[in-house]
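Quick note: UniProt numbering has the sequence shown finishing at residue 272, numbered continuously throughout. Just so it is clear, CB atoms sit at the ideal spot from N, CA and C, and this is done for glycine as well. This report concerns only the one structure given below.
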Amino acid sequence: MSQEKKPVVALTIGDPAGIGPEISVATMMEKSVYDECKPFLIGSAPIIARAMKIMGCDFPINKISHPQEARFSWGTLDVLETGDYDCESIEWGKVQKLAGQMSLDYVLKSIELGKAGLIDVVSTAPIHKEAIKLAGCKLPGHTEIYQVETQSDYGLTMFHVHNLRVFFVSRHMALKDACDYANKERVLACVQQIHHEFTALNIKNPRIAVAALNPHGSDNGLFGHEEADNLIPAVKAAQEMGINAIGPVPADSVFHLGKQGRYDAILSLYHD
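Structure (structure tokens):
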């Protein structure tokens, strides 16, 4: 791929007290990454330098204030900083307000660059939800932050591993609450959004499997009523809209079948 056609990818390094900086450095050490894109890091140079020592990386750091200043050359770490922090006070493996603020600033900078059209993709290293809460963030995680800050009507989380593309009706809430959250309207809305996004990605008539909630899909009401009350009506409503929705499929089968390529997407009713 020519350099001009490669997408510009911003990698936020995540919580500076966690594994994010190491993951980010390890990614930039892979020469093959530069064959596919033009990456740079959003983070703090002292934190990245500390991670480089752990990873045995001796690349020079090229501090930039704008993506256009990046070299995008393997062997150099382009780093866009977001502020002047007391990086020496950051302790590995400890939940800290400052670490939460730094990781939040990295994410907000990526949104700023994206909205300005200066980057094509964002790749985020892990943040710590408790740390960003200490820093005053009222949103629970990446997905919600990106949704709110971009003023998007809807936000979807997708896990993509090999043939599996897994979406979630609920994300950051207690499991006992997630079961009630997955009502007909929300399940149908998720199926519609998945269908819309896949169609936009030129995946025609995507096969969307809705996972069941109860063991064996409740066996016609023997082990719960959620399938009959919410999931089956949601699937039928989607089908009436011309969407290739399937289910509810028992959870002990749906992921195995998805891995085999039976479905283009799986809608799980709760996170993880």
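Taking the C-alpha atoms as reference points, what is the distance between residue i and residue j?
{"i": "A135", "j": "R50", "result": "23 Å"}
{"i": "S65", "j": "T199", "result": "37 Å"}
{"i": "I111", "j": "G56", "result": "31 Å"}
{"i": "A131", "j": "G75", "result": "32 Å"}
{"i": "N202", "j": "V161", "result": "19 Å"}
{"i": "E197", "j": "I47", "result": "37 Å"}
{"i": "I70", "j": "S268", "result": "The residue you asked about is not Ile; residue 70 is Ala in the sequence shown. Those two C-alpha atoms are separated by around 40 Å."}
{"i": "Q151", "j": "I145", "result": "10 Å"}
{"i": "D229", "j": "P21", "result": "46 Å"}
{"i": "F223", "j": "V166", "result": "24 Å"}
{"i": "I61", "j": "I13", "result": "14 Å"}
{"i": "A251", "j": "A237", "result": "21 Å"}
{"i": "S176", "j": "Y270", "result": "As written in the sequence, residue 176 is Lys, which differs from the Ser given in the question. Each residue's alpha carbon lies about 10 Å from the other."}
{"i": "L11", "j": "S218", "result": "43 Å"}
{"i": "G93", "j": "D84", "result": "21 Å"}
{"i": "H225", "j": "G261", "result": "29 Å"}
{"i": "G141", "j": "A178", "result": "16 Å"}
{"i": "I232", "j": "P7", "result": "41 Å"}
{"i": "L257", "j": "F159", "result": "16 Å"}
{"i": "V33", "j": "S170", "result": "32 Å"}
{"i": "T27", "j": "S253", "result": "34 Å"}
{"i": "residue 274", "j": "K97", "result": "Past the boundaries of the shown model lies residue 274; the chain is included only from 1 to 272, so the question cannot be answered."}
{"i": "C87", "j": "D15", "result": "12 Å"}
{"i": "K5", "j": "K31", "result": "18 Å"}
{"i": "S2", "j": "C37", "result": "10 Å"}
{"i": "I266", "j": "I194", "result": "9 Å"}
{"i": "L213", "j": "D105", "result": "37 Å"}
{"i": "F168", "j": "V121", "result": "22 Å"}
{"i": "F72", "j": "M52", "result": "18 Å"}
{"i": "K137", "j": "F59", "result": "According to the sequence provided, residue 137 is Cys. The question's Lys does not apply to it. The alpha-carbon atoms of C137 and F59 are separated by roughly 34 Å."}
{"i": "M29", "j": "L77", "result": "9 Å"}
{"i": "T157", "j": "L139", "result": "15 Å"}
{"i": "F255", "j": "Q239", "result": "21 Å"}
{"i": "K133", "j": "V235", "result": "37 Å"}
Under the rule that 16 or more other beta-carbon atoms within 10 Å means buried, what is residue i, buried or exposed?
{"i": "T82", "result": "buried"}
{"i": "Q101", "result": "buried"}
{"i": "P206", "result": "buried"}
{"i": "I246", "result": "buried"}
{"i": "P215", "result": "exposed"}
{"i": "S89", "result": "exposed"}
{"i": "Y154", "result": "exposed"}
{"i": "I54", "result": "exposed"}
{"i": "residue 289", "result": "What the structure shows of the chain is the stretch from 1 to 272, and residue 289 is not part of that stretch, so it cannot be assessed."}
{"i": "E227", "result": "buried"}
{"i": "M241", "result": "exposed"}
{"i": "V148", "result": "exposed"}
{"i": "D35", "result": "exposed"}
{"i": "M173", "result": "exposed"}
{"i": "K109", "result": "buried"}
Based on the DSSP output, what are the partners of residue i in its beta bridges?
{"i": "S268", "result": "F168"}
{"i": "V121", "result": "V9"}
{"i": "H160", "result": "R165"}
{"i": "F40", "result": "A10"}
{"i": "N62", "result": "D78"}
{"i": "A211", "result": "V249"}
Assuming residue i and residue j make a contact with CB atoms under 8 Å, what is their CB distance in whole Å?
{"i": "S103", "j": "V9", "result": "18 Å between Cβ atoms; not a contact."}
{"i": "A116", "j": "A17", "result": "29 Å between Cβ atoms; not a contact."}
{"i": "V107", "j": "H128", "result": "Not quite, the Cβ-Cβ distance comes to about 12 Å (not below 8 Å), so this is no contact."}
{"i": "A211", "j": "V249", "result": "6 Å"}
{"i": "V187", "j": "I243", "result": "With 8 Å as the limit, V187 and I243 do not qualify as a contact, their Cβ atoms being about 12 Å apart."}
{"i": "P67", "j": "I119", "result": "6 Å"}
{"i": "V79", "j": "L113", "result": "Contact doesn't hold; Cβ gap of about 14 Å is too wide."}
{"i": "D264", "j": "I208", "result": "7 Å"}
{"i": "A125", "j": "S24", "result": "5 Å"}
{"i": "K259", "j": "N183", "result": "Not quite, the Cβ-Cβ distance comes to about 28 Å (not below 8 Å), so this is no contact."}
Within 8 Å of any Cβ in chain D, is that where the Cβ of residue i sits?
{"i": "I208", "result": "Protein chains in the displayed structure number just one, and chain D is not present."}
Requested in this report: For the region 175-235, list the beta strand (DSSP E) runs that are entirely contained and at least 3 residues long, ordered along the chain.
Outcome: Whole beta strand (DSSP E) segments, 3+ residues: 208-211.
**Report entry** Runs of alpha helix (DSSP H) lying entirely within the region 86-155, each at least 4 residues, in chain order
**Finding:** Segments of the alpha helix (DSSP H) lying fully in the region 86-155: 97-115, 129-134, 142-149.
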